[in-house]
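J.:
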Amino acid sequence: MARYKCGNGHIPDSGQNACLNLKRVISGILFRAGLAVHIISRLSKTLLVAASAFYYTLVVLNNLTDYDSNYQFVHHVLLMDSTFPGNHRMWRAIQPLWIHTAFYGLIMSWEVVSMLLIWAGTVRLLRAIGKTATLFQSAKRLAIAGLTVGMLMWFAGFLTIGGEWFLMWQSQTWNGQDAAFRMFLVEGIVLLVLLTPELDDHERLPNS
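Per the numbering used here: the sequence shown ends with 210, consecutive numbering throughout.
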């Protein structure tokens, strides 16, 4: 009786069809499992980006609906009026109120830009979830740009300029360094997750 190879052993020809059907079933299961992981991974990245966009939306809304509360923070940081008594860096303090308003306007504009970029990036990611790895990778650009712009605000604007130049760290009342570092860290984690490479389409296909 003729014998045919199927898998790692040999079976009679009467079982050849059953063996091939079994291989097709297993291949289908593996493909669907790989596809599920592939989609879940992309959905996870997209949802994290969307959460960042939602955060910036609330920040912008709070700034617009409660202007004075956040303006007071900028106002006192620039005045350096709650730093250590007698410190020798008070020459850095800025007195003209119009500069305080301009600083606050710059921060709000920066946040709006971050929000718009991240929302636009979220939409692009959603549209590319079921597409090829190359297209999904390309769809990350706006989200990467938005997260980077946001991280620069927390790092350069708050931690560096506010914290070190205007000595915000010395203030017991107007010290936003912890919040800034927390948001820099959160956005950095989201960015790192987003930057993880996508599995090439041929790599997630099971061997036939």
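The beta-carbon is built from N, C-alpha and C at its ideal position, and this holds for glycine as well. None of the values given here were measured: they were computed from a predicted structure.
Using DSSP with H/G/I as helix, E/B as strand and the rest coil, what is Trp-176?
T.: coil
J.: Answer with buried or exposed for Ala-55, where buried requires no fewer than 16 other C-beta atoms within 10 angstroms of its C-beta.
T.: It is buried - the Cβ of Ala-55 has at least 16 other Cβ atoms within 10 Å.
J.: Please tell me whether Met-153 and Phe-186 are closer than 8 angstroms, where the distance is taken between their beta carbons.
T.: yes
J.: Would you say the segment 118-130 touches the segment 154-171, given that touching needs at least three Cβ pairs under 8 angstroms?
T.: no
J.: With H, G and I counted as helix, E and B as strand and the rest as coil, what does DSSP make of Arg-91?
T.: DSSP, reduced to helix, strand and coil, places Arg-91 outside both helices and strands of the structure shown, so it counts as coil.
J.: Mind checking which residues open and close the alpha helix (DSSP H) that includes Gly-164?
T.: No alpha helix (DSSP H) holds Gly-164; DSSP gives it neither H nor E.
J.: How many angstroms separate the CA atom of Phe-160 from the CA atom of Leu-80?
T.: Roughly 12 angstroms separates the two Cα atoms.
J.: Where Ala-147 and Glu-113 are concerned, what is the direct C-alpha to C-alpha distance, given to the nearest angstrom?
T.: Distance between the alpha carbons of Ala-147 and Glu-113 is about 13 angstroms.
J.: Any idea what DSSP makes of Ser-46, helix, strand or coil?
T.: helix
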